Amino acid sequence: MDFYILKKQEKLVAIPADEQNCKQYLDEGYFYVDKIAACNEKSALKRQQAKQNRFFKTPTLLFLLVLPIIIFASLQITR
Numbered sequence: 026m027d028f029y030i031l032k033k034q035e036k037l038v039a040i041p042a043d044e045q046n047c048k049q050y051l052d053e054g055y056f057y058v059d060k061i062a063a064c065n066e067k068s069a070l071k072r073q074q075a076k077q078n079r080f081f082k083t084p085t086l087l088f089l090l091v092l093p094i095i096i097f098a099s100l101q102i103t104r
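104 is the number that the numbering used here gives the last residue of the sequence shown; the numbers go up by one with no jumps.
In structure tokens form, the structure reads like this:
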């Protein structure tokens with residue numbers, strides 16, 4: 026089943042993917058975030074949070090891998 030993930034301030038809500046229902050939430054001030062396939066609302070929210078964590082985790086790991094190389098190169102140049 027598909028769910029729309031909507032956000033109002035810091036509150037995330039998962040609702041069944043129904044355009045009428047979504048329009049009501051949008052009129053109440055919610056914003057569309059994503060469409061997720063899941064078995065229930067709780068798992069849809071968990072999948073969305075995992076997706077967000079992955080988005081921030083990858084650049085951080087790449088930076089941490091490159092940082093020693095940058096430090097080593099800068100030390101070699103300054104000698």
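Just so you know, even glycine gets a beta-carbon here, dropped at the ideal spot from N, CA and C. Just so we're clear, the structure is a prediction, and the values are computed from it rather than from any experiment.
Which two residues bound the contiguous beta strand (DSSP E) that contains Y29?
-> 27-33
V58 and K32 closer than 8 Å at C-beta = yes
Using alpha carbons as the reference points, say which of L37, S99, K82, L92 lies closest to E66.
-> L37
Rounded C-alpha distance that separates E44 from L89 = 43 Å
Span separating the alpha-carbon of T85 from that of I40 = 32 Å
Cβ neighbour criterion (16 or more within 10 Å) applied to F97 | exposed
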